Amino acid sequence: MQHPYIILTMRRTGGTSLMSFMSAISSFPTRQHEPLNVDRVWGQITRDFTATQDQAAARAALAEQLADRPNIKHCFEIIPAHLNRILIEECAARGYRFFVLTRRNEASRLRSLFLALATQAWGPEQAARIYPEIRAGRQKAQAVSVEQGRKAVHQAAISLGQVLTVLRNRRIDHDWLVFEEIYKGETSIQDHAIRIAAQLGVQVGPDDGRLQAFASGEGQNSGAIEGFVPGMPDLMNMLEDLVLT
Numbered sequence: 007m008q009h010p011y012i013i014l015t016m017r018r019t020g021g022t023s024l025m026s027f028m029s030a031i032s033s034f035p036t037r038q039h040e041p042l043n044v045d046r047v048w049g050q051i052t053r054d055f056t057a058t059q060d061q062a063a064a065r066a067a068l069a070e071q072l073a074d075r076p077n078i079k080h081c082f083e084i085i086p087a088h089l090n091r092i093l094i095e096e097c098a099a100r101g102y103r104f105f106v107l108t109r110r111n112e113a114s115r116l117r118s119l120f121l122a123l124a125t126q127a128w129g130p131e132q133a134a135r136i137y138p139e140i141r142a143g144r145q146k147a148q149a150v151s152v153e154q155g156r157k158a159v160h161q162a163a164i165s166l167g168q169v170l171t172v173l174r175n176r177r178i179d180h181d182w183l184v185f186e187e188i189y190k191g192e193t194s195i196q197d198h199a200i201r202i203a204a205q206l207g208v209q210v211g212p213d214d215g216r217l218q219a220f221a222s223g224e225g226q227n228s229g230a231i232e233g234f235v236p237g238m239p240d241l242m243n244m245l246e247d248l249v250l251t
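Residue numbers for the sequence shown follow the numbering used here, so the first one is 7 and each next one is one higher.
This is how it looks when you write it as structure tokens:
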């Protein structure tokens, strides 16, 4: 029997190609990535909950959206903690398979996040358009600060701890995936993909063409723009000192 899935992750972790593969093999519909973000398809639920703190209303609204059990990629660090909890509980009640996706090198994730925030280039296509403008001086990147970075480190750690606590206390089985172990580890990407597919109730062979969705992915080459973002050297020094790997 096949199961829908939810990927619990944080921004700039690198789960896009993973979800592309999982969506390709799944018989369940896939919603817009990070649907509860305030500017996304379920954003009204988040906006209403932030304004009212009405957990019963949020649960009812989520239940309606989950009726056809869509696959979900969810970035929990920018969503209210109780809304994360309700989402997890409602997905568990509907037989979802849970995946937690993090980076071993959290400083690298936050570097990528702050470069995206400073340049507003969130993907390769935007980077191809925006980076040349910044390098040519026709567009300026926003400055970043050590204080912003410190707040982001603490918020990410708190949010991850809260999500793991909810999963543990409700005895929800989950697979904790680490980006570097999938894409840079000793086990092949294909083997990881086949194992993940099995958890969804899908058999995928080593020659399955859908594996290419997992292995592929174009980077932004964000290192090429780092020197044009005011405050990045100090921010990175702080992150390398504060973040454990």
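Glycine included, each C-beta is placed from N, C-alpha and C at the ideal position. All of these numbers come straight from a predicted model, not from anything done at the bench.
Assigned secondary structure, residue i (DSSP; H/G/I helix, E/B strand, else coil)
i, result
"P188", "Here residue 188 is Ile; the residue named in the question, Pro, does not match the sequence. Reduced to three states, the DSSP call for I188 is helix."
"H9", "coil"
"R91", "helix"
"D179", "coil"
"L119", "helix"
"T125", "helix"
"D240", "helix"
"I51", "helix"
"L72", "coil"
DSSP beta-bridge partners of residue i
i, result
"N77", "T36"
"T193", "Per DSSP, none; premise fails for T193."
"R103", "Y11"
"T108", "V184"
Residue of the options minimising C-alpha distance to residue i
i, options, result
"R115", "E186, W182, P138, Y137", "E186"
"H160", "P138, P239, E83", "E83"
"G237", "A230, I140, A149, Q205", "A149"
"V152", "M244, H180, I13", "M244"
"N227", "A162, D214, A219, A133", "A133"
"S23", "V249, R174, V210, Y189", "Y189"
"I230", "F120, R141, A69", "Looking at the sequence shown, residue 230 is not Ile but Ala. The candidate whose alpha carbon is nearest that of A230 is R141."
"V235", "Q209, R156, D45, E139", "E139"
Distance, residue j Cα to residue i Cα
i, j, result
"I195", "L217", "9 Å"
"G6", "L183", "Missing from the structure shown is residue 6; the chain here goes from 7 to 251 and no further."
"A122", "H198", "28 Å"
"R53", "A64", "10 Å"
"I202", "R176", "22 Å"
"G21", "F105", "11 Å"
"Q1", "Q168", "This structure does not reach residue 1, given that the chain is present from 7 up to 251, and the question cannot be answered."
"R18", "E40", "12 Å"
"L166", "N43", "17 Å"
"Q71", "W48", "8 Å"
"E232", "G207", "42 Å"
"P35", "Y11", "10 Å"
"F55", "L89", "8 Å"
"P130", "Y137", "10 Å"
Could you tell me which uninterrupted alpha helix (DSSP H) segments, each at least 4 residues in length, are contained entirely in the segment 126-173, listed from first to last along the chain?
-> Entirely contained in the segment 126-173, the alpha helix (DSSP H) runs reaching 4 residues are, in chain order, 130-141.
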